[in-house]
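Under this note's numbering, the first residue of the sequence shown is numbered 247, with each subsequent residue one higher.
Comments concern the structure below.
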Amino acid sequence: MELAFDCMVDLGDDLDLSLTFWRHLDRAAHEMRLYGEALHKPHLTAADLCRRHVAAASEKEQPARGGPTRSESVSASVPVRSWQG
Numbered sequence: 247m248e249l250a251f252d253c254m255v256d257l258g259d260d261l262d263l264s265l266t267f268w269r270h271l272d273r274a275a276h277e278m279r280l281y282g283e284a285l286h287k288p289h290l291t292a293a294d295l296c297r298r299h300v301a302a303a304s305e306k307e308q309p310a311r312g313g314p315t316r317s318e319s320v321s322a323s324v325p326v327r328s329w330q331g
């Protein structure tokens with residue numbers, strides 16, 4: 247599974263794919279728990295490269311002035327669930 251992820255990262259990097267692609271790949275890396283393993287490896291992993299692409303593309307996507315920050319726009323799009331205990 248990790249080899250397939252590495253191939254997807256290489257393909258996305260070679261083709262300079264959109265932020266949407268990198269966000270989906272980032273979500274997959276979290277689900278496969280690749281980020282936790284990456285912290286114990288001395289070299290740059292595909293998961294690290296994916297995370298860098300998401301961060302760089304997110305910075306480019308932000309409006310130049312007056313718009314919401316990335317955290318504000320993410321929190322606004324996440325539905326809030328009420329706790330009924």
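The C-beta atom is built at its ideal place from N, Cα and C for all residues, glycine as well.
This structure is a prediction, so every number in the text was calculated from the model and none was measured.
- Using a Cβ distance threshold of 8 angstroms, Cys296 and Leu271 count as a contacting pair.
- Around the Cβ of Ala293, a 10 Å sphere holds 16 or more other Cβ atoms; the residue is buried.
- Between the C-alpha atoms of Asp262 and Arg279 there is a straight-line separation of about 24 angstroms.
- A residue is called buried when at least 16 other Cβ atoms come within 10 angstroms of its Cβ; His299 meets this threshold and is buried.
- Per the C-alpha coordinates, the member of Tyr281, Met247, Trp268 and Arg273 positioned closest to Ala302 is Trp268.
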